[in-house]
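Right, one structure below, let's go through it.
Numbering (our numbering), first residue to last: 183 to 353.
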C-alpha cells in the first residue's frame, strides 16, 4: 500500500527561514537556467542570503512558503505596492516577484498550491497578477498558462540572449 500523500501547507515565511529560502531558490534556478543553456550557481553566497533575510522582513512584500512535513519545499514572493510595466487594463496590480520549488518536488502540486494562494490574494483586491518568465523556461511558461496566465506583450532583457516575457493573470 502506498503511503498517504502529505498535505502541502502554505504559511508566511519567518525570519529563520531565510537561509533555507536562499538555498532553495539557488537550486531551483540552477536547474531551470541550466536547462535553457545558462549556468548559474546552485548555492547562494552570503550577499544573496542577506537579500533573503531582508525580503522576509520587508513589510512591502508577502513571502509565503510551502511546507511538506517539516521541510520547506517552495516559496512565492508577492509585491502589491509598486507600479509595474504591463499592458493590463487595471489599476490594482500584484507582482509575482518569484516562485521557486525544490526540483525534486516539481509536478507534485507544490507550485500549484503556491499559485492558488497567489491567485486568491490577487482576486481579493480585484488585482491583475503580473510576472516575467524567462522565455527559455518552457516548463514555467506551461505552468503559468495552465493557471490562466497570458502574455501581455511586454518583455525585458534576460540572460543568455533570451528575454523575460511579461504575463498577466486577470481577476
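For glycine and all other residues, C-beta sits at the position ideal for the given N, C-alpha and C. Treat the numbers as computed from the prediction; the structure is a model and nothing was measured.
- In this structure, residue 247 sits away from residue 238, with a CB-CB distance that is not shorter than 7 Å.
- Beta-carbon to beta-carbon, residue 309 and residue 333 are separated by about 18 Å, too far to satisfy the 8 Å threshold.
- From the listed residues 261, 224, 202, 212, the smallest Cα separation to residue 242 is found for 261.
- The residues 242, in chain order, have a CB closer than 6 Å to that of residue 263 in the same chain once the five nearest residues on each side in sequence are set aside.
- If you check the CB distance, residue 315 and residue 322 come in under 7 Å.
- Between residue 257 and residue 292, the C-beta spacing is not below 7 Å.
- If you draw a 10 Å sphere on the C-beta of residue 259, you find 16 or more other C-beta atoms in it, and that means buried.
- Sixteen is the threshold: when 16 or more other Cβ atoms of the shown chains lie within 10 Å of the Cβ of residue 340, as they do, the residue is buried.
- In the DSSP assignment, residue 347 falls within the unbroken beta strand (DSSP E) covering 346-351.
- Residue 294 and residue 193 have their C-alpha atoms some 15 Å from each other.
- Taking the Cα of residue 277 as reference, the smallest distance to any Cα among 349, 201, 230, 249 is reached at 349.
- For residue 257, the uninterrupted beta strand (DSSP E) run begins and ends at 253-261, by DSSP.
- DSSP, read as helix, strand or coil, puts residue 332 in strand.
- Per the coordinates, the alpha-carbon of residue 221 lies some 34 Å from the alpha-carbon of residue 303.
- Residue 294 carries a helical assignment under DSSP once its states are collapsed to helix, strand and coil.
- Its Cα nearest to that of residue 209, the residue 281 stands out among 250, 301, 189, 281.
- Residue 337 and residue 346 do touch by the CB rule: their CB atoms are close to 6 Å apart, below 8 Å.
- Counted as a single uninterrupted DSSP element, the stretch harbouring residue 248 is not any alpha helix (DSSP H) but the beta strand (DSSP E) occupying residues 243-250.
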